[in-house]
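Residue numbers (our numbering), protein chains in the order written: chain A, 3 to 252; chain B, 10 to 208.
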């Protein structure tokens, strides 16, 4: 039933903080992601990514700064990253392996954090016919709690399968760049990562889900360049990598 | 003799197939073209203090050679040199979606999975069939912070004062908010009853 409460909050678009109802839905979604690909069996790496994420969160606006966030790595070679309502962020082992620097990894997490902060998933909900069916069931009181969670899982699977709106991705690129820069990382690490992704795709390497759900990486670079301010130029220097990153990515 | 000819023909067909596959991937990895966004200095090395080779004008076509961090080495006419990634506007891959479809159909035809090392690829079909794993979620919730690392990050990453990006409000976005707000008012009475009934 708390899920019903979630709708009161999310549909109103008045929710500015991560609340318990949103987290409950987020848990359901993340559990489904984990059903598709489990967490990696590497406690040190999980702790590292979670701690790096928590460092970035300290530079988000309130009330997100004081919210509980969780970051993890899932065991798949596909490249991707997911943000779920409630402040849950997952990146794939494949994407972790693809980055060259800690700054690029920070950009990925900052990009996903920005999706949560900007509540980009709400725009997708509105467009989904599935969501209208869920709402109709709610109004007619014809669904049980378990069914409701199941329906919601289907809705949120669409975030991963169909992707967010292109403009949401562009906005998260820009916000992620600003957030990572604030936190002390290379302001242009996002450019570097997007170029790596472009190269990854151009060389015929597969990760269809990622490329189907995101604009072309080079288009994202163009969008970022159009909007980014020259004030960030002076911070285009790689930060000193942490000992944990050097240990995990020798 | 006829058996030898048959074997040779079979070998030739197999070789042709390999060449076809190779050509397919080499076309995907063809040289990336780009254009200069504005007048920019082509430098001898990937650093701001490097010597200038030539001044490139706006919209000048270049071919990308390689990348080093944020710097790109390009061929521009008779010159080869370095400039910043942000100085370039990229030639879009006009067959971006088509190339994805080709990759997908090629793999389906071969009957292969995305990953071949025992780790399953997380693609749309896998995700669509997935069921929630609550035990795995419990494990996720138990990931601890590395306290020493947190302190180290605070020490080595110098915070920067950067202004937030403020997007222009689009009419479409305003319409979304308005629609949701309306729905909420309509839905509230029914939902409130549900909450009281079950909790």
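Ideal Cβ positions, reconstructed from N, Cα and C, are used throughout, including at glycine.
Exercise. Hey, how far is the Cα of residue 85/B from the Cα of residue 88/A?
Worked result: Here the alpha carbon of residue 85/B sits roughly 49 Å from the alpha carbon of residue 88/A.
Exercise. DSSP puts residue 42/B in a beta bridge; with which residues?
Worked result: DSSP lists 72/B as partners of residue 42/B.
Problem set entry | Per-residue contacts from residue 140/B into chain A (C-beta, under 8 Å) | Listed along chain A are 34, 37, each with a C-beta nearer than 8 Å to that of residue 140/B.
Problem set entry | Closest residue to residue 197/A among 28/A, 220/A, 50/A (Cα-Cα distance) | The residue with the shortest Cα to Cα distance from residue 197/A is 220/A.
Exercise. Sorted by chain position, which residues of the same chain lie with C-beta nearer than 6 Å to residue 225/A's C-beta, five sequence neighbours on each side aside?
Worked result: Correct list, in chain order: 172.
Exercise. According to DSSP, is residue 88/A helix, strand or coil?
Worked result: DSSP places residue 88/A in coil when its eight states are reduced to three.
Exercise. Mind checking whether residue 110/A and residue 75/A have CB atoms under 7 Å apart?
Worked result: Result no, Cβ atoms of residue 110/A and residue 75/A do not sit closer than 7 Å.
For this session: Could you check the C-alpha separation between residue 65/B and residue 223/A for me, to the nearest Å?
Result: If you take the alpha carbons of residue 65/B and residue 223/A, they lie about 20 Å apart.
For this session: Assuming residue 108/A contacts residue 191/A (C-beta within less than 8 Å), just tell me the rounded distance between them.
Result: Rounded, the Cβ-Cβ distance is 7 Å, consistent with contact.
Exercise. Between residue 166/B and residue 188/A, what straight-line distance do the alpha-carbon atoms span, to the nearest angstrom?
Worked result: Approximately 10 Å between the Cα atoms of the pair.
For this session: Please look up how many angstroms separate the CB atoms of residue 79/B and residue 238/A, rounded, as I've assumed it's under 8 Å.
Result: With 8 Å as the limit, residue 79/B and residue 238/A qualify as a contact, their Cβ atoms being about 6 Å apart.
Exercise. Straight-line CA distance for residue 47/A to residue 250/A?
Worked result: If you take the alpha carbons of residue 47/A and residue 250/A, they lie about 7 Å apart.
Exercise. When you compare only the Cα positions, how much space is there between residue 234/A and residue 151/B?
Worked result: Going from the Cα of residue 234/A to the Cα of residue 151/B covers about 36 Å.
Exercise. Listing by chain order, which chain A residues have their CB less than 7 Å from the CB of residue 167/B?
Worked result: Going along chain A in sequence order, the residues near residue 167/B (Cβ under 7 Å) are 186.
Problem set entry | Expected contact under 8 Å - CB spacing of residue 103/A and residue 252/A to nearest Å | Between residue 103/A and residue 252/A the beta-carbon gap is near 13 Å, outside 8 Å, which marks them as no contact.
For this session: Check residue 149/B in the structure and name its three-state DSSP category.
Result: DSSP places residue 149/B within a helical segment (H, G or I) once states are collapsed to three.
For this session: In angstroms with no decimal places, state the Cα-to-Cα distance between residue 229/A and residue 147/B.
Result: The C-alpha of residue 147/B is placed about 40 Å away from the C-alpha of residue 229/A.
Problem set entry | Whole runs of the beta strand (DSSP E) within the segment 168-218 of chain A, excluding any shorter than 3 residues | Within the segment 168-218 of chain A, no run of beta strand (DSSP E) at least 3 residues long lies entirely inside it.
Exercise. Which one of 153/B, 161/B, 47/B has the shortest CA to CA distance from residue 71/B?
Worked result: Among 153/B, 161/B, 47/B, the Cα nearest to that of residue 71/B is on 47/B.
Problem set entry | Distance between beta carbons of residue 38/A and residue 139/B, contact taken as under 8 Å | Your pair residue 139/B and residue 38/A checks out as a contact, with CB atoms roughly 4 Å apart and the cut at 8 Å.
Problem set entry | Beta carbon proximity, residue 149/B to chain A, threshold 7 Å | For residue 149/B, the answer is yes, since a Cβ of chain A falls inside 7 Å of its Cβ.
Problem set entry | Inter-residue CB distance, residue 177/A and residue 214/A (contact presumed, cutoff 8 Å) | A Cβ-Cβ separation of about 23 Å leaves residue 177/A out of contact with residue 214/A under the 8 Å criterion.
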